[in-house]
Amino acid sequence: MKEIPQISEAEYEVMKVIWNYEPISTPEVVEKLSNKSDWKPNTIHTMLARLVKKKALHARKDGRVFIYTSLVEKHQYVEQKSKSFLQQFFGGTLHSMVLNFIENDQLSNEEISELKKILSLREKKEGEK
85 MKEIPQISEA EYEVMKVIWN YEPISTPEVV EKLSNKSDWK PNTIHTMLAR LVKKKALHAR
145 KDGRVFIYTS LVEKHQYVEQ KSKSFLQQFF GGTLHSMVLN FIENDQLSNE EISELKKILS
205 LREKKEGEK
């Protein structure tokens with residue numbers, strides 16, 4: 085897996101817009117983020133420039149605007165962050181995290197049922213191989 089750049093929480097909000105609408109121009113990014121945050125256009129421009137510098141985004145000039153496409157796939161980023169979270173808080177093991185949620189009554193009966201369904205479907209899939 086290729087090296088994925090460190091992305092701040094604010095930059096992640098920008099990346100989500102890029103992933104959902106790429107290729108996307110600077111004014112479009114500003115418009116979409118302005119609708120859901122109180123960020124000023126200059127703040128958004130700064131974050132876009134940082135993401136380009138970090139090699140998370142590619143920017144190409146098209147007339148008077150830049151068009152952005154991601155260099156990091158969303159699933160790769162989420163996978164890396166998930167592994168990092170598990171490592172930092174649960175020694176890298178998923179079962180420790182799930183056990184923590186179950187033992188501290190943080191999962192509802194509906195969520196436990198959903199997990200059972202997911203595991204059951206996974207077992208069936210594995211059995212078909």
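To convert a position in the sequence shown, counted from 1, into our numbering, add 84. Note that the Cβ used here is the ideal one computed from N, Cα and C, for glycine as well.
Give the DSSP bridge partners of ARG148, in chain order. Partner(s): none; ARG148 has no beta bridge.
Could you name the residues of the same chain whose beta carbon sits closer than 6 Å to that of VAL98, not counting the 5 residues immediately before and after it, in chain order? MET131
Which word fits ALA133, buried or exposed, when buried means at least 16 other C-beta atoms lie within 10 angstroms of its C-beta? exposed
Heavy atom of the ligand ATP less than 8 Å from the Cβ of VAL149, yes or no? Among the components modelled here there is no ligand, and therefore nothing to report on the ligand ATP.
Run through the DSSP bridge pairs and tell me what ALA143 is partnered with. TYR152
DSSP beta-bridge partners for SER109? ILE151
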